[in-house]
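Let me begin by presenting the structure, written as structure tokens, before commenting on it.
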Amino acid sequence: MKPASFDYVRPTRKAEVLELLSEYGQDARIIAGGQSLMAVLNMRMTQPKLLIDINRVEELHFIEERKNCLAVGAGVPQVELLSWPRISETVPLLALAMPWIGHFQTRNRGTVCGSVAHADPSAELPLCLKTLGGEVVLESRSGSRTVTAEAFFQGILTTDRRPDELLTEVRFPLCKPGTEYRFNEVAMRHGDFAIVSLAAVIGAGTIRLGIGGVADRPVTRDFEPGQDLSAALNETAWSLDAQDDVQATAAYRRQLVRDLGRRLIEEGH
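Residue 46 in UniProt numbering sits at position 46 of the sequence shown, and the numbers go up by one each step.
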């Protein structure tokens, strides 16, 4: 199939984008990399009247290391963040997880913020943002607001973004001294959608496990050192309301949460 007809604009200023979103609302869609949106357009799952290309908006193209976070603008391709010189030092979980995103070609076009905005429950970047306790910045003509990852992801392809808002940046908390970051994923083939993906943040007296590909959004669970990990992971696996699909059964997903979760926490792989 091919997309339904739409108008196309390519503004050069963020203010123009916000003006268009204010005018068109739900009838507009933002395109940056297009790796998720083009498939949705081709299947006519969405039929916007206006497509707003933000690739020429220089204000949205930045990677900034700030006091407490790494801020990434809406125009930054995934490959640019992955190759950023200090990524392993500042946000090591991203350095571990991003090579699992699709293939080089998709990372070359797909944007960091675009993946977060799309909110696919199997995607690696939303999982990392949720596990780290990150934030997104949403802007409209009436102002801006900062939303936690916990509040932003609301279900499959569903977020807290309003139709007149643009996701302008995501903020990943910087790594903490003495904390380990781990990631693993199971898919049919490397680069395919994850059947289950797991991210772990292990610090002094704290263990946080992030789980993607099972529930309708990324989910995190906190464990205590010395806790019966097998029982806790089994309870977690059953709490996620896993479903059968063409890739895997719900039972297999639960087993992956139990086995891979334990291995990731105890062994690091």
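Glycine included, every Cβ here is placed at the ideal spot set by N, Cα and C.
Coil, strand or helix - residue i by DSSP
i       : result
Asp-164 : coil
Gly-261 : helix
Arg-13  : coil
Asn-42  : helix
Arg-254 : helix
Asn-108 : helix
Gln-227 : coil
Asp-244 : coil
Thr-179 : coil
Ile-207 : strand
Cβ neighbours of residue i in the same chain (closer than 6 Å, five flanking residues each side left out)
i       : result
Thr-179 : Gly-203
Trp-100 : Glu-124, Glu-185
Phe-183 : Leu-96, Ala-97, Ala-199
Environment of residue i [buried if 16+ CB atoms lie within 10 Å]
i       : result
Ile-211 : buried
Phe-62  : exposed
Ala-4   : exposed
Glu-266 : exposed
Glu-139 : buried
Gln-227 : exposed
Pro-121 : buried
Thr-249 : exposed
Val-57  : buried
Ser-144 : exposed
Arg-44  : exposed
Cutoff 7 Å; reference residue i; Cβ partners in own chain excluding five residues on either side
i      : result
Arg-30 : According to the sequence provided, residue 30 is Ile. The question's Arg does not apply to it. If we look at Ile-30 and ignore the five residues flanking it on each side, its Cβ neighbours are Ile-52, Ile-54, Leu-166.
Leu-18 : Glu-139, Ser-140, Arg-141, Leu-166
Expected contact under 8 Å - CB spacing of residue i and residue j to nearest Å
i       : j       : result
Val-136 : Val-116 : 6 Å
Gly-133 : Pro-173 : 6 Å
Glu-169 : Ala-74  : 7 Å
Val-112 : Leu-96  : Not a contact, Cβ separation roughly 15 Å.
Val-214 : Ala-242 : 5 Å
Phe-6   : Lys-49  : 6 Å
Ser-102 : Gly-114 : Sequence check: residue 102 is Gly here, not Ser. With a Cβ gap of about 12 Å, Gly-102 and Gly-114 do not count as contacting.
Ala-119 : Arg-217 : 7 Å
Short CB-CB distance (under 7 Å) between residue i and chain C
i       : result
Val-147 : Going by chain labels, chain C is absent from the structure shown, which holds only one protein chain.
(Q) For the structure I just gave you, are there three or more beta carbon pairs, one from the stretch 56-70 and one from the stretch 80-93, closer than 8 Å? (A) yes
(Q) I want to know whether the stretch 257-268 touches the stretch 231-240 - three or more CB-CB distances under 8 Å. (A) yes
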